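Student:
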Amino acid sequence: MTSSEEMPHEGTEAAGPPADELALVARAQTGDTAAFDELVTRYRQRAFSMIYHMVRNEQDAWDLAQDGFLKAWKNIGRFRGQSSFYTWLYRILMNVGIDWLRKKQIASGTEFDDQIGLHNIAPGAMTVPRSELEPAGRISDQEIRTRIDAAIERLSPEHRAVIILREIDGLEYSEIAEQMECSIGTVMSRLFYARKKLQAMLKDVYENI
Amino acid sequence: MKTFEERTTAWIDGQLTGAELAAFEKELEAQPEAALDRAGARQLGDLLRTHGTAPPLANADFFNLQIQQRIAAGTPPQPRAEVGQSGGFLWSLPRLLWAGAASLVVAGVLYVALVPAAQPFIEPSNYFAQVVEAWPSDPSISATTVYNPQDNLTVLWIDGMDYMPSEQLALQ
Numbered sequence: 003m004t005s006s007e008e009m010p011h012e013g014t015e016a017a018g019p020p021a022d023e024l025a026l027v028a029r030a031q032t033g034d035t036a037a038f039d040e041l042v043t044r045y046r047q048r049a050f051s052m053i054y055h056m057v058r059n060e061q062d063a064w065d066l067a068q069d070g071f072l073k074a075w076k077n078i079g080r081f082r083g084q085s086s087f088y089t090w091l092y093r094i095l096m097n098v099g100i101d102w103l104r105k106k107q108i109a110s111g112t113e114f115d116d117q118i119g120l121h122n123i124a125p126g127a128m129t130v131p132r133s134e135l136e137p138a139g140r141i142s143d144q145e146i147r148t149r150i151d152a153a154i155e156r157l158s159p160e161h162r163a164v165i166i167l168r169e170i171d172g173l174e175y176s177e178i179a180e181q182m183e184c185s186i187g188t189v190m191s192r193l194f195y196a197r198k199k200l201q202a203m204l205k206d207v208y209e210n211i
Numbered sequence: 343m344k345t346f347e348e349r350t351t352a353w354i355d356g357q358l359t360g361a362e363l364a365a366f367e368k369e370l371e372a373q374p375e376a377a378l379d380r381a382g383a384r385q386l387g388d389l390l391r392t393h394g395t396a397p398p399l400a401n402a403d404f405f406n407l408q409i410q411q412r413i414a415a416g417t418p419p420q421p422r423a424e425v426g427q428s429g430g431f432l433w434s435l436p437r438l439l440w441a442g443a444a445s446l447v448v449a450g451v452l453y454v455a456l457v458p459a460a461q462p463f464i465e466p467s468n469y470f471a472q473v474v475e476a477w478p479s480d481p482s483i484s485a486t487t488v489y490n491p492q493d494n495l496t497v498l499w500i501d502g503m504d505y506m507p508s509e510q511l512a513l514q
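First to last, the sequence lines map onto chains H and A. Residues in the first sequence are numbered from 3 upward in steps of one, following the working numbering. Residues in the second sequence are numbered from 343 upward in steps of one, following the working numbering.
(1) Taking the alpha helix (DSSP H) that THR188 of chain H falls in, what are its first and last residues?
(2) Keeping to the same chain, check which residues put their C-beta closer than 8 Å to that of SER482 of chain A; ignore five residues upstream and five downstream.
(3) For chain H, check one thing: does any of its Cβ atoms lie closer than 8 Å to the Cβ of ALA383 of chain A?
(4) What are the start and end residues of the beta strand (DSSP E) that includes SER484 of chain A?
(5) Locate the alpha helix (DSSP H) running through ASP22 of chain H, then write down its first and last residues.
(6) What does the Cβ neighbour count give for THR351 of chain A, buried or exposed, with the cut at 16 atoms within 10 Å?
(7) Are the CB atoms of TYR208 of chain H and LEU389 of chain A nearer to each other than 8 Å?
(8) May I ask which residues mark the beginning and end of the beta strand (DSSP E) holding VAL497 of chain A?
(9) Suppose the cutoff is 7 Å on Cβ atoms and the five residues either side in sequence are ignored; what does the same chain contact list for ARG58 of chain H look like?
(10) Taking only the alpha-carbon atoms, compute the straight-line gap between LEU157 of chain H and ASP403 of chain A and give it to the nearest angstrom.
(11) Taking its Cβ as the centre, do 16 or more other Cβ atoms sit within 10 Å of ARG437 of chain A, making it buried, or is it exposed?
(12) Mind checking the segment 383 to 399 of chain A against chain H and listing, in chain order, the residues whose C-beta falls within less than 8 Å of any C-beta there?
(13) Only counting the same chain, and skipping five residues up and downstream in sequence, which positions put a Cβ closer than 6 Å to that of PRO125 of chain H?
(14) Measuring CA to CA, which of A:GLN472, A:LEU456, A:VAL488, A:MET506 is closest to SER479 of chain A?
(15) Take the Cβ of TRP64 of chain H as the centre, count every other Cβ of all protein chains shown within 10 Å, and call the residue buried at 16 or more, exposed below.
(16) Does the segment 69 to 76 of chain H come within contact of the segment 20 to 27 of chain H, defined as at least 3 CB pairs closer than 8 Å?
(17) Answer with yes or no whether the minimum CB distance from THR32 of chain H to chain A is below 8 Å.
(18) TYR54 of chain H and GLN181 of chain H - do their beta-carbons sit closer together than 8 Å?
(19) Mind listing the chain A neighbours of ASP39 of chain H? Cutoff is C-beta to C-beta under 8 Å, in chain order.
(20) Quick check on the DSSP output: the alpha helix (DSSP H) that includes ASP388 of chain A runs from which residue to which?
(21) Given that a residue counts as buried once 16 or more other Cβ atoms are within 10 Å of its Cβ, and exposed if not, what is TRP288 of chain H?
(22) What does ILE150 of chain H touch in chain A if you count any residue whose Cβ is under 8 Å from its own?
(23) Less than 8 Å between the C-beta atoms of VAL189 of chain H and ALA179 of chain H, yes or no?
(24) List the residues of chain H that LYS344 of chain A touches, going by C-beta distances under 9 Å, in chain order.
(25) Given this structure, state the Cα-to-Cα distance separating ALA109 of chain H from GLU160 of chain H, to the nearest angstrom.
(26) Please classify ARG168 of chain H: is it buried, with 16 or more other beta-carbons within 10 angstroms of its beta-carbon, or exposed?
(27) With DSSP as the reference, label GLU424 of chain A as helix, strand or coil.
(28) Between the alpha carbons of LYS344 of chain A and SER191 of chain H, how many angstroms are there, rounded?
(29) Taking the continuous alpha helix (DSSP H) assigned at LEU363 of chain A, which residues delimit it?
(30) Let me know the secondary structure DSSP gives MET56 of chain H once reduced to three states.
(31) Can you give me the Cβ contacts of ASP69 of chain H inside the same chain, cut-off strictly under 7 Å, excluding the 5 residues immediately before and after it?
(32) Could you give the DSSP three-state label for GLU177 of chain H: helix, strand or coil?
(33) Return the CA-CA distance between ALA384 of chain A and ILE354 of chain A, expressed in angstroms with no decimal places.
(34) Can you find a CB in chain H that lies within less than 8 Å of the CB of GLU367 of chain A?
(35) If you compare alpha carbons, which of A:ARG380, A:LEU435, A:GLN472 is closest to VAL497 of chain A?
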């Protein structure tokens, strides 16, 4: 069974999901597509952003976010309301994204080498592999985005997910571990290596803005 | 016991406290570059949060519409990476017919090529061999024919000779 076929187990949230959201989910569970459409409207931007951060491409993110919602629709009967709908959806989306990245990796025959350069670069070293940036010039926003996209694209799906969940979405280690179904130690270790690699590739960027 | 990677990550994120923090920072005294590394990691986080954000979802209403259409269709398309690798039953039916026809052709070719041709059936002859005349040098030698209809075989039987020289085997 691939990760995309696994339906997430619900975590527990102290506050619990909002009542109106639960009502929408309950209606959707009876086959009410209008209620599900309302849920899509509520979370489409967050879902799209989450997937976009992983795949770094608008069209793919659009399609995969739709796939995630469709998967949620097909399995909405398993949602028990112990967490927010988005927490439940979030893991579906993440699995869709990771699964797609793995298939893309297999199809292209490329491998993500998470160890590239790490052993050759001392922690905190002042000299890191530089790219095409002009050292004297200020970097444009577009160029920064391009550099970030290129750097993230070189991470493995797991490292990509962990850096996005932590740095962009601001999740705690335990939340990331729950979403990725791994230990907190694994999350922290992946975060260590993902940061190291991104630092090596983007140091000249964050030091020049 | 946490690994060095785990403790470094917790240290960068400010999640080490108390004795654990003190012990780790003592350990890092021999690595002055560690402080730079932590600063770099935090700058990286700021960079990703400020410049790594996703663009707004374009054509948001159409996004909803497509989802509704896929729900109504009942059979959502397969994930993008799988498109072209497999298909549904209706899609595969013509393929099955073509595959069946092709299999028959291949089987025919293999049969012709590999199975040895059967022995042609020979109708039993209506004729039979008979010794009409013989000129033996010894009167004790006689020649007769024996016909075996099961094998469609006629045997010339020469009795009274120890052997027959090969140059005299030609029959007329």
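Every residue, glycine too, gets a C-beta built ideally from N, C-alpha and C. Remember, predicted model here, so these are calculated numbers, not experimental data.
Tutor: Reading off the structure:
(1) Within the first sequence, numbered from 1, the residue matching residue 188 of chain H stands at position 186. DSSP places THR188 of chain H inside the alpha helix (DSSP H), whose first and last residues are 186 to 208.
(2) Residue 482 of chain A sits at position 140 when you count from the first residue of the second sequence. Short of 8 Å from the beta carbon of SER482 of chain A, and not among the five residues preceding or following it, lie these beta carbons of its own chain, in chain order: GLY502.
(3) Residue mapping note: residue 383 of chain A aligns to position 41 of the second sequence, counting from 1. With 8 Å as the cut-off, ALA383 of chain A counts as an interface residue toward chain H.
(4) In the second sequence, the residue the question calls residue 484 of chain A occupies position 142. That run of the beta strand (DSSP E) goes 484 to 490.
(5) What you label residue 22 of chain H is simply residue 20 of the first sequence in a count that begins at 1. In the DSSP annotation of this structure, the continuous segment of the alpha helix (DSSP H) that includes ASP22 of chain H starts and ends at 21 to 31.
(6) Locating residue 351 of chain A in the second sequence gives position 9, counting from the first residue. It counts as buried.
(7) Taking the first residue of the first sequence as 1, we reach residue 208 of chain H at position 206. Taking the first residue of the second sequence as 1, we reach residue 389 of chain A at position 47. Cβ distance < 8 Å, so TYR208 of chain H and LEU389 of chain A count as in contact.
(8) One-based indexing of the second sequence puts residue 497 of chain A at position 155. Counting along the chain, the unbroken beta strand (DSSP E) around VAL497 of chain A starts and ends at 495 to 501.
(9) Here residue 58 of chain H is taken as the residue at index 56 of the first sequence, counted from 1. ASP151, ILE154, GLU155, listed in sequence order.
(10) As a working mapping, residue 157 of chain H is identified with position 155 in the first sequence. As a working mapping, residue 403 of chain A is identified with position 61 in the second sequence. Take the alpha-carbon of LEU157 of chain H and the one of ASP403 of chain A: they are about 33 Å apart.
(11) Numbered from its first residue, the second sequence carries residue 437 of chain A at position 95. Exposed: under 16 other Cβ atoms inside 10 Å.
(12) Result list: ALA383, GLN385, LEU386, GLY387, ASP388, LEU389, LEU390, ARG391, HIS393, GLY394, THR395, ALA396, PRO397, PRO398, LEU399.
(13) Position 123 of the first sequence, counted from the first residue, corresponds to residue 125 of chain H. Confidence at PRO125 of chain H is low in this model, with a pLDDT of 44, below 50, so the placement of that residue should be treated as unreliable; the coordinate-derived value is given next. Nothing meets the Cβ criterion.
(14) Counting from 1 along the second sequence, the entry for residue 479 of chain A is found at position 137. Taking each of A:GLN472, A:LEU456, A:VAL488, A:MET506 in turn and checking the Cα distance to SER479 of chain A, the smallest one comes out for A:MET506.
(15) Working through the first sequence from its first residue, we reach residue 64 of chain H at position 62. Flag for TRP64 of chain H reads buried.
(16) No, because fewer than three Cβ pairs between the segment 69 to 76 of chain H and the segment 20 to 27 of chain H fall closer than 8 Å, the two stretches do not touch.
(17) Reading the first sequence from its first residue, position 30 is the one you call residue 32 of chain H. So, not an interface residue.
(18) Stepping through the first sequence from its first residue, residue 181 of chain H is reached at position 179. Stepping through the first sequence from its first residue, residue 54 of chain H is reached at position 52. Contact flag unset, no.
(19) In the first sequence, counting from the first residue as 1, residue 39 of chain H sits at position 37. Going along chain A in sequence order, the residues near ASP39 of chain H (Cβ under 8 Å) are ASN406, ILE409, GLN410.
(20) On the second sequence, position 46 is the one that residue 388 of chain A refers to. For ASP388 of chain A, the enclosing alpha helix (DSSP H) begins and ends at 375 to 393.
(21) The displayed coordinates of chain H run from 3 to 211. Any statement about residue 288 of chain H would go beyond what the structure contains.
(22) In the first sequence, residue 150 of chain H corresponds to position 148, counting from 1. Those are LEU389, LEU390, HIS393, GLY394, listed as they occur along chain A.
(23) As a working mapping, residue 189 of chain H is identified with position 187 in the first sequence. As a working mapping, residue 179 of chain H is identified with position 177 in the first sequence. Yes.
(24) Counted from its first residue, the second sequence places residue 344 of chain A at position 2. What LYS344 of chain A touches in chain H: GLY187, MET190.
(25) Reading the first sequence from its first residue, position 107 is the one you call residue 109 of chain H. Reading the first sequence from its first residue, position 158 is the one you call residue 160 of chain H. Rounded to the nearest angstrom, the two C-alpha atoms are 18 Å apart.
(26) In the first sequence, residue 168 of chain H corresponds to position 166, counting from 1. Flag for ARG168 of chain H reads buried.
(27) To locate residue 424 of chain A, count along the second sequence from 1; it is residue 82. Because the pLDDT of GLU424 of chain A is 42, which lies under 50, any placement of that residue in the model is unreliable, and the question is left without a value.
(28) Translated into positions along the second sequence, residue 344 of chain A becomes position 2. Translated into positions along the first sequence, residue 191 of chain H becomes position 189. Whole-angstrom Cα-Cα distance: 10 Å.
(29) In the second sequence, residue 363 of chain A corresponds to position 21, counting from 1. LEU363 of chain A -> alpha helix (DSSP H) spans 360 to 369.
(30) Numbered from 1 along the first sequence, position 54 holds the residue referred to as residue 56 of chain H. In the three-state scheme derived from DSSP, where H, G and I count as helix and E and B as strand, MET56 of chain H is classed as helix.
(31) Within the first sequence, numbered from 1, the residue matching residue 69 of chain H stands at position 67. Closer than 7 Å at Cβ, skipping near neighbours: VAL98.
(32) Your numbering for residue 177 of chain H matches position 175 in the first sequence. Note: GLU177 of chain H maps to helix in three-state DSSP.
(33) The residue you call residue 384 of chain A lines up with position 42 of the second sequence. The residue you call residue 354 of chain A lines up with position 12 of the second sequence. The sequence given here places Arg at residue 384 of chain A; Ala does not occur at that position. Going by the C-alpha atoms only, they are around 7 Å apart.
(34) Looking up residue 367 of chain A in the second sequence gives position 25. No, because no Cβ of chain H sits closer than 8 Å to the Cβ of GLU367 of chain A.
(35) Translated into the one-based positions of the second sequence, residue 497 of chain A becomes position 155. Ranked by how close their Cα comes to the Cα of VAL497 of chain A, the residues A:ARG380, A:LEU435, A:GLN472 have A:GLN472 in first place.
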